[in-house]
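Undergrad:
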Amino acid sequence: MERSIQKNGLINLLILLLVGVAGLAAARYANSLAGQVNILFLGIGVLVAAVSWFQMRLEDRERLEKLEFDELAKTQSGSALFEARDAEAFPAQRSREQFERFFVPAFTVILFVLQAGGAWLFWRWLSKSTTGFEVKQPITGLALFGLFALLLFLLGRFSATIARLERHRLLRPGASYLLFNAFVCLVVALGMVGVWSGFPKTDFYVARVLCGVLALVGLETLVQLVLELYRPRVKGKIERPLYESRLVGLLGQPEGLITTAAQALDYQFGFKVSETWFYRFFERALGWLLLLQLGALVLSTSVVFIEAGEEGLLEHFGRRVESRSPLGPGAHLKWPWPIDQVYRYRTEQIQTFNVGFAEESEKERERYVLWNQGHHGETNFLVANHVQVSQEVTNETTGRRIPPVSLLTVSVPVQFQITNLLDWAYNNEDAPALLGDLGTREVVRYLVGVDMNEIMSEGRQEAAQTLRNRIQTAADEHRLGAQIISIGLGDLHPPVKVAPDYEKVVAASQTKQAKILAARADEIRTNALAGAQAHGILNKANSERLAREVSALAQAALFTNQIPAFQAAPSVYAERAYLQTFARATANARKYILLTTNTHDVLIFDLQESIAQSLLNLSVPAPKSK
């Protein structure tokens, strides 16, 4: 039986090697990404099968060596021959122990490097090959990989059954990789079916999934290596091969999950749940239940729901159904996937694409945008400067004349709406990208013909309207079926490196303008004050002139009126004039009136101040009441 086990292991190795070489040729011929990733799984399976087959031979040699030793030990003459040390008596056993002690861990480390490194290299390769690879012969690839899957499955099922019945641990790793690669080839063939059905990205997505599975297998190998360092060694106990992957065995033989679940249920409930009629029925009907669930899943793809504000286009085997108009909001029936597929478009929503900058996240978005601080994804555009031709501007370093152009950082959000869904979806391969490229082209063309200072100040509104008309015209020429709603020019500033110098120029210009306005204000204020003072002096002179003229006229009129009065009573007039003059002259002087009786009135006027003013102004306190 050991010879048949070795022969089976050798057949597993040769089949994996043969399928690996043929699979490589088929993958290169069909230009399949998933097929080329599958070759790494087949190569790892070849290595595992080779090591397990070699270990089978070592154990078989050890078994034969023990049989020979037992035969010789039965004779009396050979008893003294084998009293030497075990290492000298059993070279095959020593070779097998050294192989398991040194070579198997080293091979497992190499296996981990191949799995982890292969997953990383293939992932990077796929990231760079999303547009450069296209499956050329999906039908041929489908047939070949389907044949590989059938061949590997039949041989792998036979080997797995023999390993389980004979309880041979070294045959199990190769059988697991046969079944696992059979399922991998089947998945690759299903990817070819998706490509043939009109979904060219299916092969790429299958390749990505296979890279993820390879990374998981590598992680399991690493965990096994770490646990092997702390595993207790029990002499005479047969251990599981270190290079055998439990994950590969589980994926290659998923029915093992049912067996494990049955054992767990038996242990949990304390009796043979796996022998009940319900469990037996469930085990027999599991395939039909899975098919029923798969059928329900496929039927669920026959109903599609279009959300409000959206429209859908129905395609049958990758071609639009001409008899059906775009699907409006609501529920619609169709053939199951992948026969029919509906593509949704937001036709009522205002969409936006950006020219000159990339959209920032909430964490990167700042409240205030400054010229001297760089922002995410800014682009510099070439703009003109309107300068005089006679003005010579040269570079101090090279001595060459500097052209009248500058760099300007522009952020232009363009808002648009899909107005004709059929034109948008079918007239161009990638309508959103084409519209973005057209918008960028028109922005570049427009900026090279405008003045930098003008567009940064009062020319923004006119520039936005002009850009909107130009982008709309370009979109109509390419029959994009989109309407440009608005153009935003909110963030226009020089590049970050020259922003401080530009701010200095702007500050100097503003300072100059401020000084000019201050001088004009001072001019207006000085002239106004001088005019007001001159007007005040003229008014004062006119008022004095009028006052003197009126006074002279009044005196002349008074003199004219005094002559008749003097002529009528000269003595009275003179006395009266004297008294009037005296009253005016003594208006502020103190006067005393002395009253006497039975005398003639004799008035004596003493006009000299003889008493001190302080004595006359004494205040007499009021008498106190008793």
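4 is the number of the first residue of the sequence shown in the working numbering; add one for each residue after it. A virtual CB, placed ideally from N, CA and C, is assigned to each residue, including glycine.
#1: What would DSSP say about residue 419, mapped onto helix, strand or coil?
#2: Leaving aside the five residues before and after residue 148 along the sequence, list all residues of the same chain whose C-beta is less than 6 Å from its C-beta, in chain order.
#3: Would you mind giving the Cβ-Cβ distance between residue 52 and residue 16, rounded to the nearest angstrom? I have them listed as a contact below 8 Å.
#4: Buried or exposed: residue 573, going by 16 or more other Cβ atoms within 10 Å of its Cβ?
#5: Determine the DSSP secondary structure at residue 348, reduced to helix, strand or coil.
#6: Using the Cβ count rule (16 or more neighbours within 10 Å means buried), how would you classify residue 328?
#7: So the beta strand (DSSP E) residue 492 belongs to, where does it begin and stop?
#8: Mapping DSSP to helix, strand and coil, what is residue 652?
#9: Kindly indicate if chain D contains any beta-carbon less than 8 Å away from that of residue 208.
#10: Within 10 angstroms of its Cβ, does residue 443 collect 16 or more other Cβ (buried), or is it exposed?
#11: Would you decide whether residue 449 is buried or exposed? Buried here means 16 or more other CB atoms lie within 10 Å of its CB.
#12: Check this for me: beta carbons of residue 228 and residue 115, under 8 Å apart or not?
#13: How about the region 488 to 497 and the region 454 to 472: do they share at least three Cβ pairs that are nearer than 8 Å?
#14: Using beta-carbon positions only, say whether residue 156 and residue 182 come within less than 8 Å of one another.
#15: Sorted by chain position, which residues of the same chain lie with C-beta nearer than 7 Å to residue 45's C-beta, five sequence neighbours on each side aside?
#16: How would you label residue 118, buried or exposed, when you count the other beta carbons within 10 angstroms and need 16 or more for buried?
#17: So residue 357 is in the beta strand (DSSP E); what residue range does that whole segment cover?
#18: Please list the terminal residues of the continuous alpha helix (DSSP H) segment that includes residue 465.
#19: State buried or exposed for residue 7, treating a residue as buried only when at least 16 other CB atoms are found within 10 Å of its CB.
#20: Could you tell me whether the Cβ atoms of residue 317 and residue 330 are closer together than 8 Å?
#21: Measure the Cβ-Cβ separation of residue 68 and residue 101 and say whether it is below 8 Å.
#22: Assign residue 248 to one of three DSSP states: helix, strand, or coil.
#23: For residue 225 and residue 112, what's the separation of their Cα atoms in angstroms?
#24: Report, in whole angstroms, the separation of the C-beta atoms of residue 220 and residue 250, which I expect to be a contact under 8 Å.
#25: Give the secondary structure of residue 630 by DSSP, where H, G and I count as helix, E and B as strand, and everything else as coil.
#26: Taking just the CA atoms, how far does residue 529 sit from residue 393?
#27: Quick check: what's the CA-CA separation for residue 557 versus residue 567?
#28: Using 10 angstroms around the beta-carbon of residue 171, count the other beta-carbons present and answer buried if the total reaches 16, otherwise exposed.
#29: Closest to residue 57 by C-alpha separation, out of 70, 72, 37, 99, would be which residue?
#30: My output table needs one value for residue 63: the three-state DSSP class, helix, strand or coil.
#31: Between the alpha carbons of residue 124 and residue 34, how many angstroms are there, rounded?
#32: Enumerate, from N- to C-terminal direction, the unbroken beta strand (DSSP E) stretches of 3 or more residues contained entirely within the region 155 to 235.
#33: Using 8 Å as the threshold, is the region 435 to 442 in touch with the region 513 to 527, meaning 3 or more CB pairs across them?
#34: Taking buried to mean at least 16 other C-beta atoms within 10 Å of its own C-beta, is residue 42 buried or exposed?
#35: Let me check understanding here. Comparing Cα to Cα, which of 452, 168, 177 lies closest to residue 158?
TA: Taking the structure as given:
#1: Strand at residue 419.
#2: So the qualifying residues of the chain are 188, 191, 192.
#3: About 4 Å separates the beta carbon of residue 52 from that of residue 16, a gap short enough to meet the 8 Å contact definition.
#4: Burial call: exposed.
#5: Correct three-state label for residue 348: strand.
#6: So residue 328 ends up on the exposed side.
#7: In this chain, residue 492 is not harboured by any beta strand (DSSP E), its DSSP state being neither H nor E.
#8: Any answer about residue 652 is impossible in this case: the structure gives the chain only from 4 up to 629.
#9: Absent from the structure: chain D. Only one protein chain is present.
#10: So residue 443 counts as buried.
#11: Buried: at least 16 other Cβ atoms inside 10 Å.
#12: Cβ atoms of residue 228 and residue 115: closer than 8 Å.
#13: Short answer: they touch.
#14: The criterion of a C-beta distance shorter than 8 Å is satisfied by residue 156 and residue 182.
#15: Result list for residue 45: 19, 22, 23, 26, 184, in chain order.
#16: The C-beta of residue 118 has 16 or more other C-beta atoms within 10 Å across all chains shown, which makes the residue buried.
#17: Where residue 357 is concerned, the enclosing beta strand (DSSP E) stretches over 354 to 358.
#18: Residue 465 -> alpha helix (DSSP H) spans 463 to 480.
#19: With fewer than 16 other Cβ atoms within 10 Å, it is exposed.
#20: It is a contact, given that the beta carbons lie within the stated cut-off.
#21: In this structure, residue 68 sits away from residue 101, with a CB-CB distance that is not shorter than 8 Å.
#22: Residue 248 sits in coil when the DSSP states are folded into three classes, being neither helix nor strand.
#23: About 8 Å.
#24: Between the beta-carbon of residue 220 and that of residue 250 there is about 6 Å, and that keeps the pair under the 8 Å contact cut.
#25: Limits of the chain in this structure are 4 at one end and 629 at the other, which puts residue 630 out of reach.
#26: For residue 393, the predicted structure reports a pLDDT of 43, less than 50, and the residue's modelled location is therefore unreliable. A value from the coordinates is still provided. In this structure, the CA atom of residue 393 is about 40 Å from the CA atom of residue 529.
#27: Spanning the two alpha carbons is a distance of roughly 17 Å.
#28: With a 10 Å radius around the Cβ and a threshold of 16 neighbouring Cβ atoms, residue 171 comes out buried.
#29: Nearest option by C-alpha distance: 99.
#30: Collapsing the DSSP output to three states places residue 63 in a helix.
#31: Using only the alpha carbons, I get a separation of about 18 Å.
#32: Runs of the beta strand (DSSP E) spanning 3 or more residues and lying entirely within the region 155 to 235 do not occur at all.
#33: Contact fails: fewer than three Cβ-Cβ distances are below 8 Å.
#34: Residue environment: residue 42 is assigned as buried (16 or more neighbouring CB atoms within 10 Å of its CB, all protein chains considered).
#35: The shortest Cα separation from residue 158 among 452, 168, 177 belongs to 177.
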